[in-house]
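Enquirer: Residue numbers (our numbering): 2 to 87.
(1) Among the candidates 33, 41, 73, 23, whose CA atom is the shortest distance from the CA of residue 93?
(2) Measuring alpha carbon to alpha carbon, tell me which of 47, 5, 84, 16 ends up nearest residue 34.
(3) Find the nearest neighbour of residue 28 within the set 12, 41, 75, judged by alpha-carbon distance.
(4) Would residue 52 be called buried (16 or more neighbouring beta carbons within 10 Å of its own) or exposed?
(5) Out of 31, 57, 32, point me to the one whose CA is closest to residue 43's CA.
(6) To which residues of the same chain is residue 71 closer than 8 Å at the C-beta, ignoring the five residues directly before and after it?
(7) For residue 17, which of 55, 67, 78 has the nearest alpha-carbon?
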C-alpha cells in the first residue's frame, strides 16, 4: 500500500460536484482500491456517499492510499486530480 497526504485548497472542501468526479476518478483504477482518510475515518474513494460523510472542508488534510496492482498510477492520477480540482 502506498499513500500521500494532501491539504484541500478549495474553500468549500469536497462538496457534491467534485466528490462525484473524485469517486469516478477513483473507480477508474479498479481493481486497485483507492481510499481517503480524515480524522481517523477511512472510506473507499469510489463510494460517493461515504466520501461525502467525511465532511472534508477547505484547509483539511486528507490521506489518499492505494492498494493493488497499479498503486503508483492510481496515486499519481489522484494527486493530479486533487491539485486541479480541490
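Where is the CB? At the ideal position from N, CA and C, for every residue including glycine.
Expert: This is what the structure holds:
(1) The structure shown does not extend to residue 93, since the chain is modelled only from 2 to 87, so the question has no answer here.
(2) Considering only alpha carbons, the answer is 47.
(3) 75
(4) By the neighbour-count criterion, in which a residue is buried when 16 or more other Cβ atoms sit within 10 angstroms of its Cβ, residue 52 is buried.
(5) 57
(6) Counting only Cβ-Cβ distances below 8 Å, and skipping sequence neighbours, we find 30, 33.
(7) 55
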